[in-house]
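Start counting at 1 in the sequence shown, then tack on 3, and there's your number in the numbering used here.
We put the beta carbon where it would ideally sit given N, CA and C, even for glycine.
Quick caveat, the model's predicted, so the values are computed rather than measured.
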Amino acid sequence: KQIAVFASGNGSNAENLITYFNNSKIAQVGLVLTNNPDAGVIQRAKRLNVPVCVFSKKELQNSTKVEEALKSHQIDWIVLAGFLLLFPQKIIQSFPNKIINIHPALLPKYGGKGMYGMRVHKTVAENKETETGITIHFVNENYDEGKIIFQSKTDVKRNDTPEDIAAKIHQLEYKWFPKVIEEQIKIEGFQ
Ligand code: GRF
Numbered sequence: 004k005q006i007a008v009f010a011s012g013n014g015s016n017a018e019n020l021i022t023y024f025n026n027s028k029i030a031q032v033g034l035v036l037t038n039n040p041d042a043g044v045i046q047r048a049k050r051l052n053v054p055v056c057v058f059s060k061k062e063l064q065n066s067t068k069v070e071e072a073l074k075s076h077q078i079d080w081i082v083l084a085g086f087l088l089l090f091p092q093k094i095i096q097s098f099p100n101k102i103i104n105i106h107p108a109l110l111p112k113y114g115g116k117g118m119y120g121m122r123v124h125k126t127v128a129e130n131k132e133t134e135t136g137i138t139i140h141f142v143n144e145n146y147d148e149g150k151i152i153f154q155s156k157t158d159v160k161r162n163d164t165p166e167d168i169a170a171k172i173h174q175l176e177y178k179w180f181p182k183v184i185e186e187q188i189k190i191e192g193f194q
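What follows is the structure, encoded as structure tokens:
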């Protein structure tokens, strides 16, 4: 199976997924797509010999360019790894229950438009939460509201900075995201 990874920034999760699936018999990352021409994920994909498609917000909204790229790379599954734009309806409809997102908090808390990256960890710290974590979920037409597939928790200590929290969250993401995706692809293969 072919996976397309969408990212808007650094792309450390995207890199982790490419590397993991390079050694998987089930699927591989065949394409990386981003809306940000300066995203770190572009260099990572190039270094790992994965084709890259850069699109603008407008191109995503009319979706033809993105849909063409997905089709020409025979993409079966879409993974959002730090992708910050709302995903267009049209593409969601062509990939029913085949689009998976990771959110760096325990949804439904700390989700929704504008809640991403360090902003999430700052709010968790400000609210003196004693735990946080990751949520891996299917994507539907609203931010962070699709069916939850998996969650993993970590403690938050009183003197944890947002950066400390981000580091713990990234560890959970790198550990769990590829495995959870691979499991979903296996399950779907039997439906
Ligand atoms: C990750 O924390 C992910 O949970 C969130 O955005 C961040 C992306 O980081 N959606 P990176 O670009 O994969 O390093």
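Between which two residues does the beta strand (DSSP E) containing residue i stretch?
i	result
L34	31-37
For the alpha helix (DSSP H) holding residue i, just list the boundary residues, first then last.
i	result
T195	Any answer about residue 195 is impossible in this case: the structure gives the chain only from 4 up to 194.
L73	67-75
S15	15-25
S97	92-97
A48	43-50
Under the DSSP definition of a beta bridge, which residues are partnered with residue i?
i	result
H140	N104, I151
V57	T37
E134	D158
W80	I6
Just to check, is the beta-carbon of residue i closer than 6 Å to a non-hydrogen atom of ligand 1?
i	result
N16	yes
P111	no
P107	yes
N39	no
G136	no
A170	no
G85	yes
G12	yes
- Item | At least 3 beta-carbon pairs within less than 8 Å: the stretch 12-20 vs the stretch 164-183 | yes
- Segment contact, 8 Å Cβ cut-off, at least three pairs: the stretch 70-86 with the stretch 102-122: yes
- Pair every Cβ in the stretch 161-170 with every Cβ in the stretch 124-131, then say whether three or more of these pairs are closer than 8 Å. yes
- Would you check if the stretch 110-118 and the stretch 35-45 touch, i.e. whether three or more CB-CB distances between them fall below 8 Å? no
- Query: With contact counted as at least three CB pairs below 8 Å, one residue from each stretch, are the stretch 141-158 and the stretch 88-101 in contact?
  - Reply: yes
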